[in-house]
Amino acid sequence: MGRDNSWRNASDATLTNSRRRFLKTAAGGSVGLSAMLAGCSGNGNGNGGNGGGNGGDSETITIGDLSPRSGPNALYGTPMHNSAQLAVEEMNENGGLLGREVELVDPDPQSDTGVYQEQARRLILEDQVDVLMGGVTSASREAMRPTISENQQLYFYPALYEGGVCDEYIHLTGPTPSQQMLPLVQYMVEEFGTEVYTIAADYNFGQISARWAERYVGNEGGEIIGEEFIPLDVSDHGSTINNIQDADPDWIMSLIVGSNHVPFYSQAESSGLNKPMASTVSIGSAYEHITVDPPALESMYTAWNYMEEIPTDANEDFVSRYRERFPETEYLNQHGFSHYVSYKLYEMAVEEAGTVEMPEVNDVLESGLSISTAAGELSLDPATHHLSHNIYLAEVGEDHSINFLDTTENVEPEWLRERCSLDTESTWDDPTSEFFTDV
Amino acid sequence: MSEKKPTLPGNEFLPSIVVDGLDRVFAPFNGPNTIGNSPIFWIAFLLVALVALAYPAVTTPFRVLNTTGYVVWIFLALSLTLIWGYTGIFSFGQTAFFGLGGYTFGVVAKNLVQVTGATNLALLAAVVLPAVFAVVVGYFMFYGRVSGVYVAIITLAVTLILELLFGRTAGPQYTIGAAELGGFNGMTNIPSLAFGIEPVLVELDPVPMYYFVVGLLIAGYLALRYVVNSNYGYVLIAVRENEARTEMFGYDIRKIKLQAFAIGGAMAGLSGALFASWNNFISPPVMGIVTAALPVIWVTVGGRQTILGAIFGALGLQFLDSELAAAGSEFSVVALGVILLGVILYFSDGVVPAIASRIEDRIGSSPDESVVLEESDA
Amino acid sequence: MSSGTRGDGTPILETDGLQKTFGGLTAVDRVDYRLPRGDIQCLIGPNGAGKSTFFGLLTGKLRPTGGTIRYNGEDITGLMPHERVRRGISLKFQTLNIYEELRVSENLRVPCQRRDEDTRTLIEEVADLVDLTGKLDQPVDTLSYGEQQWLEIGMSIAVDPELLLLDEPTAGMTVEETERTGELIQTLVETRDMTALVVEHDIDFVRQIAEQVTVLHNGEVFRQGTIEDVAEDPEVKRIYLGEEYGGD
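Residue numbers (the working numbering), protein chains in the order written: chain S, 1 to 439; chain A, 1 to 378; chain Z, 1 to 248.
Written out as C-alpha cells, the structure is:
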C-alpha cells in the first residue's frame, strides 16, 4: 500500500472534536432554553450528551431512513423503502424492540445530494434518531458522512458500492466488487477466454470497479484488451458497440450504471453484438432482466449477494412475505434485501446490547455477529464493518430467466482488512473515518 | 438647488436627535441606487440585525446550522446583483466561481490544517483564485466584445464544463497534497473555518460560524450600498443603461465590465468557500445547471437591481424550498417555477421593489430618493 | 454669422485618404478633410452619402479600411473610442442616447464625475447651459423631446471637449428650439474654446451656424465652401433632387 494515511485522522480530529464538544453542550444548553420558551413542543430531549439518543419521546425507538422514492435513484430506493417499512412493522408486531415501539422517520431524499444532507442533519440533530439507515450512491453517503461523523451517529449503508469505507460509525451491508468479482471472473475466464473488454460508468464507482476487474482478470491470467468509460448522461452507445466489435474480446465486463446506460443492452442486441457479458452491477440492482425485453440480456453472467430468484426456502419465504405486503413490487433487488438485513442486524444488536445507546450497540456490532438471512448465514466483520457475503453466480437465459451456477460462501472483505482494523484501532470517541480507493 | 428638505417618513414622531444621528451614521450608505435611505429604514435594519444576532439564543443548534446554510448562498446571489443588476452583465455561470471557491477552500484548508491546525488563509485563497479565473474568462468575453445573451451562454458553458471536469477526478491520483478531489462523489471532510496556530486556535463551531457569516453579510451589505451609491456605482449603472453613450464619455467599457466581473467572481468564490466550510463537503453538482439557475431565480424574484432583493430572494426561496421538500417532495420545484412566473408577470422589478414602493406610498419617500444631489464626493 | 478661422488655423482634425468599405460598398471614399481649430463646420449631403459612416470613423466606432485620421497632429486612427474621448473628442449621437431610466441630474453626473472639479457644481453649470436647471430632479421621460436633445448635448459637453461632433442635433425640434440650439453651439464654441463639426439636414440651421460646409456624395467630398456658395450650386441641387429617384 505504501501510503501514509495518518493525516486523515488529523484533519478529522480538527473537524470533529470541536463540533462534538459544541453540540454536546449546546444541545443541552439551548434545548434547555428552547424548552423553557417553547414549552413542550417535542423538540427537547432527555439527554443532551453523546450527540444522539432517544427521539422526542423516551419510550419509542426512532429509526431514520433515507430511501429515495423519487428522482433517478427511485428504482433502488423504492425497494429499500419497502424493506424499511416491512422490517419495522415486523419488529412492532413482535412486541417492539426491547419492548418499546419502533418509529420510522423516513423523508424522501429525492435522489438529491442536497436533500440527503439536509434531511440527514434534520434526522440526526432534530429527531435525534437512534440509528440512521439508507443512502444509495456513494455520493449520497459521502455527502452525509461529515454530519454523521461530527454527531457520532450510528449508520447502516445498504447499497453495493466500490468498497473502501472504513468508518467507526458506519456498517455496510451491501456487496463490493472485490467480493463479487472473484467467482465471476474465474468462471468467465475459464468458460470463455482471457481477452476482456470493460465498459464502465464514468464516475468513481465505475472507475474503481474497473480497476477491480483489471486486478482479478490479471490474477486469472487474463488481459483487459480495451476499457471504455461512458459518461452517465450518454444513452446512445453506438460507438462503444463498434469499438467492442473491432476489439473482438472473448467476453465483456459490464460496469454501466443508470437509466441512460440500460439501453446499451438492447442496442448491442440489435447490432448483433453476441459476446458473453459479465457484470457485478447489472441484474441484481437495476433488474434489467425484468425491465428490458428478452433476449437482450441473454448470456449475461452475474454474481450477487442477493437476487430475488435465489431458490432457497428461506428466500422464498422472505420474497412471499415481501410481495404480500408490497404486491406492486417490480423486483426485489439487492438494495431491498441488504436494507432489510441492516434492520435485522440492528435489531439483533440492540436486543443483545439491551439498550439503544449507540456506543454499546456498536460494540455488539463489532463483536462478530452472524445473522440468518434469505441469502444464507452472513457475518459482520468486526475489523471492517462489512458483511461477508455468500456470492451467487448466475446466468441469464434467452427468456431472461435466472439459472444459478454456483455459490461461494462467506466471501470476506479481505482487501479492506489489510487496511482497516476498526475493532482494534478505533473507538467510538476517537474514531477512524477513512475511504480507501487505492485498488 | 432647493434647500428645503421634503418631509421625511417618520420624522414627525421620531425625536430629531435620533433622526440626525441615524442620518449622520448611515449617510455614506445612502443614495438613490439603493432602497431604503430613511431613518425608519435604518431603524428597521438595526432591529433585523439585532434579531439575527439574537437568533441562536432562542433556537436549536439544528436551526442555527440550517440558517447558516442559507446565508452562505446569499453572497452568490449578491455577486449576480452586482454584475447583472447593476452592471448589466447577465452571467449564468456564477456557480463556476462558487464551485472553484469551494474546492479551493477544501484543498487549501485540508493541507493547512496539517501544518497549523487551522484553515487561516484558505478562505483568502478561495476568494482570490475564482477572481483570477473570472479575470481570464472575462478578458476573453469583454475584450472579445461578447455581450448580451452570448455572455450568458459562455458563462453557462464554463460552469458546466467545470462540473464535468471535477466529476472526472475520482481516484487517488487526483490528490492535491492532502486533499483528494473525489470526482463525482465529491470532496469530503473539509475542515470548518478555524483561525490561529496550534495550540492557539479559534474554531468556528456552528454558532460562532453563524455569527461570522451573518457578520460578513452585514458588512458586505453596507459595503455594497456604499459602492453602488458612489461614483463607481454610477459607472456600473451607466454601462448597464447605455454602453455606447458611456463609452463616449471616455470610460473603457471593457475594463469596467472586467473589473465588475472579477469582483463578482470573488464574491461567488467567497460564497463557495463558506459553503464548503459549513457543509464540510462539496461535489460537482454545485456547478451544474440546476444550481446555476438558482441565483438567477433568487435575484429575479427578489429584485435584481437592489441589494436587498438578492438577500430576501435567496433566503426566502431557500427556506420555502426546504419547507416544501420536508412536506411533500417534488412540489418544491413546481412552486419555485410558479413563483418565478408570477413575479415576472406581476412584479417585474422583483418583490422587494414592489414592497418598497407600497411602503413609500403609505409613509412617503425618503429624501435621498427625490433629492438626488447630496454633498457629492469630488 | 460666418467668420474666418480662429486661433492659429492649425487643423484640430485632419483626415487623409480616409476610406471605409463594407463588402462591395464603398461608404467613405478617400476623403481628405481639414477642420481648423475654433471653426463651426457642417457636413451635409443626401441620405447614404456617407455622413454617418464618416462620423463613425471619427469616433472610432468603425475601423477604416484605408487612410488616417489626425487629431491635433496625432495619428488616432488606431485608437478606441474612449481613448479618443480622453483626448478631447465628444459626440452627440444621431439617435437619442441618454440614460432613460435615470434622472436629469444623474444623466449629467456620469460625464461630470470624470472631471476633477466638484461634481455637483459641474452638474449645475451644465444644466444651466442647456436650460435644464429647474428640472434636475426629474426623470428624463418627463422632458420634451427637444429638452432631451439638449440634455444629451449637455452631456456631451460635460466632458469639456475640444472637438464636439454633433450628429443631427436638431432632428425633431421646433423652429424655436432649432434656433436656440444654434445659439447654444455658437456660445459654446466662443466661450469654451471648442470646435464643432455638425452633420445636419436643416439648411436654415446650417446657415445660422456654419462657417464652412462640406457636401458628401457617394462617400466623396463633393463640394466645400460657404453655405451660400454651396446652396446655389446647381450640381449640389442635382444630387439632392436625384435622391428622390432612388439614390439611397
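Note that the Cβ used here is the ideal one computed from N, Cα and C, for glycine as well.
Beta-carbon neighbours of residue i, restricted to chain A and to distances below 8 Å
i                 : result
Leu125 of chain S : Thr60, Pro61, Phe62, Leu65
Ile208 of chain S : Ala170, Gly171
Arg63 of chain Z  : Residues of chain A passing the Cβ test: none, with the nearest at roughly 12 Å.
Neighbour flag for residue i against chain S, beta carbons, 9 Å
i                 : result
Pro199 of chain A : no
Phe98 of chain A  : no
Ile35 of chain A  : no
Gly265 of chain A : no
C-beta neighbour in chain Z for residue i, strict 9 Å
i                 : result
Tyr139 of chain A : no
Pro15 of chain A  : no
Ala356 of chain A : no
Ala260 of chain A : no
Asn231 of chain A : yes
Opposing strand residues paired with residue i [DSSP bridges]
i                 : result
Asp39 of chain Z  : Looking at the DSSP assignment, Asp39 of chain Z forms no beta bridge with any residue, so it has no partner.
Ile63 of chain S  : S:Leu104, S:Val131
Met277 of chain S : S:Ile252, S:Met300
Val126 of chain Z : None, per the DSSP bridge assignment.
Thr175 of chain A : A:Glu180
Ala196 of chain Z : Z:Ile40, Z:Leu164
Chain-ordered chain Z contacts of residue i [CB-CB under 7 Å]
i                 : result
Tyr251 of chain A : His82
Glu247 of chain A : Pro81, His82
Ala238 of chain A : Tyr99, Val110
Proximal chain S residues relative to residue i, where beta-carbon distance stays under 8 Å
i                 : result
Ala268 of chain A : None at all; the shortest Cβ gap to chain S is about 18 Å.
Opening and closing residue of the beta strand (DSSP E) in which residue i lies
i                 : result
Phe326 of chain S : Counting along the chain, Phe326 of chain S falls outside any beta strand (DSSP E), and DSSP gives it neither H nor E.
Asp167 of chain Z : 163-167
Cys166 of chain S : 165-167
Phe156 of chain S : 155-157
Glu92 of chain Z  : Reading off the sequence, residue 92 of chain Z comes out as Lys, not Glu. Its beta strand (DSSP E) spans residues 89-92.
Asp406 of chain S : 402-411
Delimiting residues of the alpha helix (DSSP H) encompassing residue i
i                 : result
Lys20 of chain Z  : Per DSSP, Lys20 of chain Z belongs to no alpha helix (DSSP H); it is in the beta strand (DSSP E), 11-22.
Asp204 of chain Z : 203-209
Asp363 of chain S : 358-365
Lys110 of chain A : 94-115
Arg69 of chain S  : Taken as a continuous stretch (DSSP letters only), Arg69 of chain S belongs to no alpha helix (DSSP H), as it is neither H nor E.
Gly222 of chain S : Run containing Gly222 of chain S: none; DSSP gives neither H nor E here.
Listed by chain order, chain A residues near residue i by CB distance under 9 Å
i                 : result
Glu118 of chain S : Asn66, Gly69, Ser322, Ala325, Ala326
Arg145 of chain S : Thr188, Asn189, Asn280, Phe281
Leu132 of chain Z : The contacting residues do not exist; Leu132 of chain Z stays about 13 Å from chain A at best.
Asp429 of chain S : By Cβ distance, chain A contributes nothing, its closest Cβ being about 18 Å from Asp429 of chain S, past 9 Å.
Cutoff 9 Å: residue i Cβ touching any chain A Cβ
i                 : result
Thr437 of chain S : yes
Asn269 of chain Z : Given that chain Z is displayed from residue 1 to residue 248, the structure contains no residue 269 of chain Z and the question cannot be resolved.
Ser52 of chain Z  : no
Leu37 of chain S  : The predicted position of Leu37 of chain S is uncertain, since its pLDDT is 34 and thus under 50; a value taken from the coordinates is nonetheless stated next. Yes, contact with chain A.
Thr68 of chain Z  : no
Val115 of chain S : yes
Ile260 of chain S : A quick correction: the sequence has Asn, not Ile, at residue 260 of chain S. It does not; no Cβ of chain A falls within 9 Å.
Asn82 of chain S  : no
Ile239 of chain Z : no
Phe22 of chain Z  : no
Thr77 of chain Z  : no
Tyr392 of chain S : no
Neighbour list for residue i in chain Z, Cβ cutoff strictly below 8 Å
i                 : result
Gln234 of chain A : First, the amino acid is wrong: residue 234 of chain A is Tyr here, not Gln. Per Cβ cutoff of 8 Å: Glu106, Arg109, Val110, Gln113.
Glu241 of chain A : Tyr99, Glu100, Glu101, Leu102
heavy atom of the ligand GTP below 8 Å from residue i C-beta
i                 : result
Thr291 of chain A : Only the bare structure without any ligand can be found here, which leaves the ligand GTP out of the picture.
Cross-chain neighbours of residue i in chain A, by beta carbon under 7 Å
i                 : result
Ser138 of chain S : Asn185
Thr142 of chain Z : Per Cβ cutoff of 7 Å: no residues; Thr142 of chain Z is ~13 Å from chain A at best.
Where residue i meets chain S, residues with beta-carbon distance less than 7 Å
i                 : result
Gly167 of chain A : Tyr203
- [ ] Using a Cβ-Cβ cut-off of less than 8 Å, list which residues of the segment 269-291 of chain A approach chain S; keep chain order.
- [x] Asn279, Asn280, Phe281, Ser283, Pro285
- [ ] Identify each residue in the segment 181-198 of chain Z for which the Cβ-Cβ distance to at least one residue of chain A is less than 7 Å, and report them in chain order.
- [x] none
Task: Against chain A: residues of the segment 147-161 of chain Z by CB proximity under 9 Å - done: Glu152, Met155, Ser156, Ala158, Val159
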